[in-house]
Structure formats: structure tokens, C-alpha cells
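374 is the number of the first residue of the sequence shown in the working numbering; add one for each residue after it.
Quick notes on the structure that follows.
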Amino acid sequence: MKHLMYRNTKIVNELMNYCYKHGSQNININVITNNQCTEFHIKAFDISLSEKDVFLLEKLLSAKRSHELEEHYWILAGDNDTDPELTLIGIMTDTSSVKYSKNNILEIYLERLG
374 MKHLMYRNTK IVNELMNYCY KHGSQNININ VITNNQCTEF HIKAFDISLS EKDVFLLEKL
434 LSAKRSHELE EHYWILAGDN DTDPELTLIG IMTDTSSVKY SKNNILEIYL ERLG
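Pasting the structure below:
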């Protein structure tokens, strides 16, 4: 349980860093954990993303989940500001959805089973 909570906070931290990096100063985060899964809902306002940014974010977060890689690479991720952290989030989650509206609102939904 301790590792689960630590990983959940790390996921939230990385997504907040991404939003801050792209100019958002208003981020809503909702994390729901129960016996079956953890759901992450992130909504960032006034965020500036290009079509390429959105495409890359969707691609990185939709990486296929791998429990083996999750265990191995989580230790190596550390704290830096490169996109491998987003790939790591992708391999730690089972479902992802990214929506970016023309009024500069980014919505991310992630789900971790188990």
C-alpha cells in the first residue's frame, strides 16, 4: 500500500509539472482510490499546447502497461524534466484519455487497476 500511494503521488507530481511547464497556473486534480483501481482526473486551465504537444502527450500516456518495467524503471526515473517520466506514467496505467479544447483547457484521465 505504501508503494501504491507513493507512485500515485509521483504520477500527480509529474502531470502537474507538465502542466506548469506549459503555462498553466490553475490545475484541478481529483484522485479516487478504491479496491479495484485508482483514477486520476486532471484539468489544467490556460495551458498552451501545440497539436504536436497534444499528440505526443496522448502517445506517451497510452503506452501499454507493463508491471515488470514499472518495477524496474520507477527507481531509475528520479527527478528530471524529460518526457520519459510521461512514458513511465503510461506504462504504469491501464487507461488514458487526453482532451485539449480550443479555449486552452487540458483534461487528462488515467486509471490504474489493482
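Beta carbons: idealized from backbone N, C-alpha and C, even for Gly.
Nothing here was measured: the structure is a model prediction, and the numbers come from that model.
Own chain, CB closer than 6 Å to residue i, minus 5 neighbours either side, in chain order
{"i": "residue 384", "result": "462"}
{"i": "residue 417", "result": "392, 397, 400 and 479"}
{"i": "residue 460", "result": "433 and 436"}
{"i": "residue 412", "result": "405 and 484"}
{"i": "residue 390", "result": "none"}
Nearest neighbour of residue i, chosen from the options [CA to CA]
{"i": "residue 397", "options": "482, 487 and 473", "result": "473"}
{"i": "residue 431", "options": "389, 376 and 471", "result": "471"}
{"i": "residue 419", "options": "476, 404 and 426", "result": "476"}
{"i": "residue 481", "options": "421, 438, 465 and 402", "result": "402"}
{"i": "residue 426", "options": "394, 414, 415 and 438", "result": "394"}
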